[in-house]
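Step one of this worksheet: look at the structure below.
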Ligand SMILES: [Zn+2]
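Residue numbers (the numbering used here), protein chains in the order written: chain A, 23 to 182; chain B, -18 to 233.
This is how it looks when you write it as structure tokens:
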């Protein structure tokens, strides 16, 4: 019999299939684990309404639970309260950066609150001399930027 | 009309608006005027189709006859689709696509914002997710409309022509059908005249910056909300539904 916390740790194995360095726990997609007797309920939430990775993540969760010998489980997808980029953990933000994706601005970023583009550092060279190319990037959750210092394009995990 | 039937029709309408516009925008996949726009439109289409899945799943549950999101999307005829005309019109040139998206996005954002305080938990939950996505959609279509309007003579003319053509399809957005009236009276959904005021302010603000003229209100088309559509919807559904119609029940 495992505790909810032990199952949370177990589910660290489940990564975002589109950004395979970050786990669903660090991403904030793993909302809750409830244990009652031998019954386990895992609650997950999508980043975007049309997130195509959601069903894959659900299947991965189910597989990890089965492999760990847990037979009596349900995985539930909920929409509310809505996922926000503020839920990405500090370790998750660091892993995004190491992977070459600029982590999302905190919604408290003053430039973003004033409706402007928040200051974004290039994940390659660290320069803040960067420029937005498009609000829409390689997946629903990313925007496309370019760095004027090192001339490399990069993805930003956009604020939601 | 009972609240339950009104809720079913409302969820179907919200789902159909998103599904039909999402499908229309996906027609730009591989045909965008530049790579970034190709990617932007397909991302927006993906958001809209995701929202449609949430609404149609809910509609099926409210109806209680065991219909899934896929049954509702792929096995209804055009007369059973309840979306407004605006979203089903052909994709046209890029100015036309942008102008249509702008007119719809401005409406959609005001509506989704209001629905985040719905007394219906499911409508509220779907809106909380959708509202931030739609804010990005409106930002995208506004920026492009401004770029076209305040761009070259050619881009200005095409954007103005598109607005003039599309204006007659905006009236329908704000005329409630029976389902919308029943639910607004019950305080479940907003009154469309409140949404119209906000839409109108957004339209004026962006058109001014785009140096485009707001068309005069004249005759307005309607019928989509009761399933009477333009000639554009049928062929689109025929294409969208062809696989399920040819191989009923197929999964992949
Ligand atoms: Zn750089």
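Even glycine gets a Cβ: it sits at the ideal position worked out from N, Cα and C.
For residue i, the nearest candidate out of the options (CA to CA)
i: residue 190 of chain B; options: B:129, B:97, B:46; result: B:129
i: residue 26 of chain B; options: A:74, A:66, A:63, A:61; result: A:74
i: residue 197 of chain B; options: B:170, B:134, B:208, B:145; result: B:145
i: residue 45 of chain A; options: A:77, A:110, A:64; result: A:110
i: residue 162 of chain A; options: A:87, A:151, A:174, A:182; result: A:182
i: residue 206 of chain B; options: B:81, B:106, B:-17, B:-3; result: B:-3
i: residue 4 of chain B; options: B:226, B:199, B:214; result: B:214
i: residue 173 of chain B; options: B:186, B:155, B:108, B:0; result: B:155
i: residue 82 of chain B; options: B:143, B:110, B:158, B:134; result: B:143
i: residue 210 of chain B; options: B:21, B:126, B:67, B:111; result: B:67
i: residue 127 of chain B; options: B:188, B:61, B:37, B:60; result: B:188
i: residue 59 of chain B; options: B:157, B:232, B:171, B:0; result: B:0
Proximity of residue i and residue j at Cβ, strictly below 9 Å
i: residue 25 of chain A; j: residue 49 of chain A; result: no
i: residue 126 of chain A; j: residue 37 of chain A; result: no
i: residue 167 of chain B; j: residue -10 of chain B; result: no
i: residue 149 of chain B; j: residue 77 of chain B; result: no
i: residue -6 of chain B; j: residue 63 of chain B; result: yes
i: residue 113 of chain B; j: residue 102 of chain A; result: no
i: residue 221 of chain B; j: residue 55 of chain B; result: yes
i: residue 51 of chain B; j: residue 225 of chain B; result: yes
Helix, strand or coil at residue i according to DSSP, with G and I counted as helix
i: residue 82 of chain B; result: helix
i: residue 88 of chain B; result: helix
i: residue 195 of chain B; result: coil
i: residue 99 of chain A; result: strand
i: residue 165 of chain A; result: strand
i: residue 129 of chain B; result: helix
i: residue 111 of chain A; result: coil
Length of the line joining the Cα atoms of residue i and residue j
i: residue 54 of chain A; j: residue 24 of chain B; result: 28 Å
i: residue 31 of chain A; j: residue 159 of chain A; result: 31 Å
i: residue 28 of chain A; j: residue 81 of chain A; result: 19 Å
i: residue 142 of chain A; j: residue 154 of chain A; result: 9 Å
i: residue 92 of chain A; j: residue 79 of chain A; result: 17 Å
i: residue 87 of chain A; j: residue 162 of chain B; result: 47 Å
i: residue 151 of chain A; j: residue 171 of chain A; result: 6 Å
i: residue 119 of chain B; j: residue 48 of chain B; result: 32 Å
i: residue 105 of chain A; j: residue 65 of chain A; result: 12 Å
i: residue 229 of chain B; j: residue 99 of chain A; result: 28 Å
Cβ-heavy atom distance, residue i to ligand 3, below 8 Å
i: residue 148 of chain A; result: Summarising the ligand content, the structure contains ligand 1 and does not contain ligand 3.
9 Å Cβ cut-off: residues of chain C touching residue i
i: residue 103 of chain A; result: No chain C appears in the structure shown, which is made up of the protein chains A and B.
Practice task
Residues of the region 21 to 34 of chain B with a CB closer than 9 Å to any CB of chain A: list them in chain order, please.
Solution key: Flagged, chain order: 21, 22, 23, 24, 25, 26, 27, 28, 29, 30, 31, 32, 33, 34.
Practice task
Note down, in chain order, all residues in the region 68 to 93 of chain B with a beta-carbon under 9 Å from any beta-carbon belonging to chain A.
Solution key: For the region 68 to 93 of chain B, which is checked against every Cβ of chain A, not one residue is closer than 9 Å.
Handout entry: Near-chain A residues of the region 112 to 123 of chain B (beta-carbon distance less than 9 Å), N- to C-terminal order
Key = When CB distances to chain A are screened at a threshold of 9 Å, the residues of the region 112 to 123 of chain B falling below it are 112, 113, 114, 117, 120, 121, in chain order.
Exercise for the section: Please name the residues in the region 184 to 197 of chain B whose beta-carbon is closer than 9 Å to at least one beta-carbon of chain A, in chain order. Expected result: Residues of the region 184 to 197 of chain B that bring their beta carbon within less than 9 Å of a beta carbon in chain A are absent altogether.
Handout entry: Interfacial residues, the region 160 to 185 of chain B to chain A, with Cβ spacing under 9 Å
Key = Of all residues in the region 160 to 185 of chain B, none has a Cβ within less than 9 Å of some Cβ in chain A.
Practice task
Taking a Cβ distance cut-off of 8 Å, strictly less, list which residues of the region 63 to 81 of chain A are near chain B, in chain order.
Solution key: Listed by position, the residues of the region 63 to 81 of chain A near chain B (Cβ gap below 8 Å) are 68, 70, 71, 72, 73, 74.
Exercise for the section: Below 7 Å between beta carbons is the criterion; list the residues of the region 0 to 20 of chain B that meet it against any residue of chain A, in chain order. Expected result: Taking 7 Å as the upper bound on Cβ-Cβ separation, chain A lies near residues 17, 20 of the region 0 to 20 of chain B.
Practice task
Please name the residues in the region 146 to 158 of chain A whose beta-carbon is closer than 7 Å to at least one beta-carbon of chain B, in chain order.
Solution key: Correct list: 155, 156, 157, 158.
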